[in-house]
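Student:
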Ligand SMILES: [Mg+2]
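Numbering (my numbering), first residue to last: 114 to 554.
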């Protein structure tokens with residue numbers, strides 16, 4: 114099948130060993146040393162970034178700290194520090210925004226730049242990106258390195274940036290694409306994982322070029338629309354555009370906190386308290402963003418009978434080991450600690466009956482900005498019993514004052530929201546002493 118070729122000019126920039134390089138930039142004593150940045154400084158905390166030096170010695174992202182220590186005995190470990198990385202990212206992205214108005218913040222250390230119209234050809238784009246690389250070193254930090262790929266499509270630009278690490282710059286054009294693909298393994302491109310690889314090989318596709326020039330019908334039969342797109346991407350067809358976003362990173366869809374629970378917490382029976390603290394922190398972060406959550410999930414990892422098992426960064430409780438996840442939706446968008454903590458504890462009780470725990474996580478999801486309405490957590494039934502008569506009276510009077518000033522609908526009981534015209538307000542026109550009487554009531 115023949116596709117029209119893309120005439121676009123896309124660059125992908127990927128910071129190398131980003132978290133570890135930022136730590137080395139911040140602390141000169143760490144430079145040149147094998148360094149692991151861990152989710153937690155705990156033997157089961159996993160390595161989420163390894164410095165270039167550590168990678169050379171065999172440290173891999175996803176190892177637990179104890180595995181990493183075994184692989185690289187003289188390695189140094191630090192706990193991750195997200196605010197530091199975000200601050201560096203925003204300085205890098207600010208520089209990149211000077212080169213194009215169409216840039217996509219793909220992740221904390223990756224961006225796509227659409228240079229179509231800004232640069233005449235790949236050679237000019239490579240000059241621009243070299244300038245960007247130099248400016249990152251001069252203006253953000255001389256220890257920071259990045260790999261750049263330039264190509265006619267997003268997919269090929271990402272493939273290109275992966276080819277030379279660290280500090281590389283690779284260009285893929287319609288002329289050299291087959292040469293590049295012939296030197297790559299099936300799994301070297303985004304979208305082919307071990308499973309897809311096995312299925313491709315079973316169908317007789319051993320190389321990327323075989324996929325590129327093979328029968329489209331067979332690929333569609335085997336992989337559906339994904340097979341079609343994979344082949345199109347390898348042929349250099351623009352299947353996805355750069356989703357330009359502003360200089361601010363997009364509003365998060367969820368916030369969460371997780372924790373590899375140390376033995377001590379189990380011994381001291383502090384599992385619930387730890388979850389409460391995680392929940393409070395997630396809530397605080399969400400309130401800092403000015404958002405409310407519509408739902409919450411809680412995950413618990415339980416220790417296996419034969420001791421704890423190491424967990425990689427992509428471990429999901431319930432699928433890879435004992436434990437699990439549960440979630441729920443709030444009756445109304447919430448951000449207050451009482452609702453959040455109360456819900457987290459309810460969810461915990463569904464999953465956990467006092468066993469030893471090695472992982473806890475809480476996520477607040479479906480975040481959104483507050484609406485104009487402000488809600489008060491008062492329930493009519495509860496109010497009668499829980500409040501002293503004087504206070505009930507005071508609340509009612511306060512509500513009257515608010516309505517006098519701002520109108521009848523300024524305050525209403527929750528059960529009345531959305532009532533519509535069920536109980537319309539009447540304006541009395543037969544004036545009686547002290548009482549308004551509506552004729553048709
Ligand atoms: Mg990277």
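Glycine included, every Cβ here is placed at the ideal spot set by N, Cα and C. Note that the coordinates shown come from a computational prediction; the quantities given were computed from them, not determined experimentally.
1. Under 8 Å by Cβ, that's how I've got residue 388 and residue 461 pegged, so tell me the actual separation to the nearest angstrom.
2. Buried or exposed: which applies to residue 149, given that a residue is buried once 16 or more other Cβ atoms fall within 10 Å of its Cβ?
3. State whether the segment 229-248 contacts the segment 135-148, with contact taken as three or more CB pairs (one from each stretch) at a distance under 8 Å.
4. Quick one: what's got a C-beta closer than 7 Å to residue 503's C-beta in the same chain, skipping five residues either side?
5. Residue 362 by DSSP, collapsed to three states: which one?
6. Under the criterion of a Cβ to heavy atom distance below 7 Å, does residue 131 qualify as lining ligand 1?
7. Can you list the alpha helix (DSSP H) stretches of 4 or more residues lying completely in the segment 125-175, in chain order?
8. Would you mind reading off the limits of the alpha helix (DSSP H) that contains residue 451?
9. Is any non-hydrogen atom of ligand 1 found closer than 7 Å to the C-beta of residue 166, if you look at the structure I gave you?
10. According to DSSP, what are the bridge partners of residue 284?
11. For a test of the three-state rule: what should DSSP assign to residue 191, helix, strand or coil?
12. Checking contacts by CB at 8 Å: is residue 124 closer than that to chain D?
13. My understanding is that residue 184 touches residue 170, with C-beta atoms under 8 Å, so please give their C-beta distance in whole angstroms.
14. CB of residue 568 to nearest heavy atom of ligand 1: below 7 Å?
15. Can you tell which of 159, 218, 371, 217 has its C-alpha closest to the C-alpha of residue 177?
16. Per DSSP, what kind of secondary structure is residue 224 in: helix, strand or coil?
17. Select from 334, 180, 292 the residue whose C-alpha is nearest the C-alpha of residue 322.
18. DSSP three-state call for residue 501: helix, strand or coil?
19. For the alpha helix (DSSP H) that residue 307 lies in, which residues bound it at each end?
20. Would you kindly work out how many angstroms separate the C-alpha atoms of residue 437 and residue 371, rounded to a whole number?
21. May I ask whether a heavy atom of ligand 1 can be found less than 7 Å away from the beta carbon of residue 127?
22. Just checking my contact of residue 127 with residue 243 at CB under 8 Å: how many whole Å lie between their CB atoms?
23. Do residue 475 and residue 392 have their beta-carbon atoms positioned less than 8 Å apart in this structure?
24. Span of the beta strand (DSSP E) holding residue 409?
25. When you compare the segment 248-268 with the segment 276-286, are there three or more beta-carbon pairs, one atom per stretch, that lie closer than 8 Å?
26. In angstroms with no decimal places, state the Cα-to-Cα distance between residue 373 and residue 286.
27. Verify whether the separation of the beta carbon atoms of residue 345 and residue 352 is less than 8 Å.
28. Which residue's Cα is closest to the Cα of residue 179: 519, 157, 236?
29. According to DSSP, which residues form a beta bridge with residue 376?
30. Considering only the beta carbon of each residue, do residue 402 and residue 483 sit closer than 8 Å?
31. Quick check: residue 458 and residue 399, are their CB atoms within less than 8 Å of each other?
32. CA-CA distance, residue 309 and residue 296?
33. If distances are taken between C-alpha atoms only, which option among 238, 203, 230 comes closest to residue 222?
34. Taking 8 Å as the cut-off, decide whether the C-beta atoms of residue 164 and residue 137 are in contact.
35. Please identify the residue among 325, 337, 468, 254 whose C-alpha is closest to the C-alpha of residue 381.
36. Taking residue 559 as the reference, give the member of 229, 411, 272 with the closest Cα.
Tutor: This is what the structure gives:
1. 6 Å
2. buried
3. no
4. none
5. Here residue 362 scores only 49 on pLDDT, less than 50, and its place in the model should not be relied on; the value that follows carries that caveat. Here residue 362 sits in coil by DSSP.
6. yes
7. 131-139, 165-169
8. 450-464
9. no
10. 263
11. strand
12. Annotation note: the requested chain D is absent from the structure, which comprises a single protein chain.
13. 7 Å
14. There is no way to answer for residue 568, as the model of the chain reaches only from 114 to 554.
15. 159
16. strand
17. 292
18. coil
19. 307-315
20. 14 Å
21. yes
22. Not quite, the Cβ-Cβ distance comes to about 15 Å (not below 8 Å), so this is no contact.
23. yes
24. 405-415
25. yes
26. 46 Å
27. yes
28. 157
29. Answer is none; residue 376 lacks a bridge partner.
30. no
31. no
32. 19 Å
33. 203
34. yes
35. 468
36. Beyond the ends of the chain as shown, which are 114 and 554, falls residue 559; an answer cannot be given.
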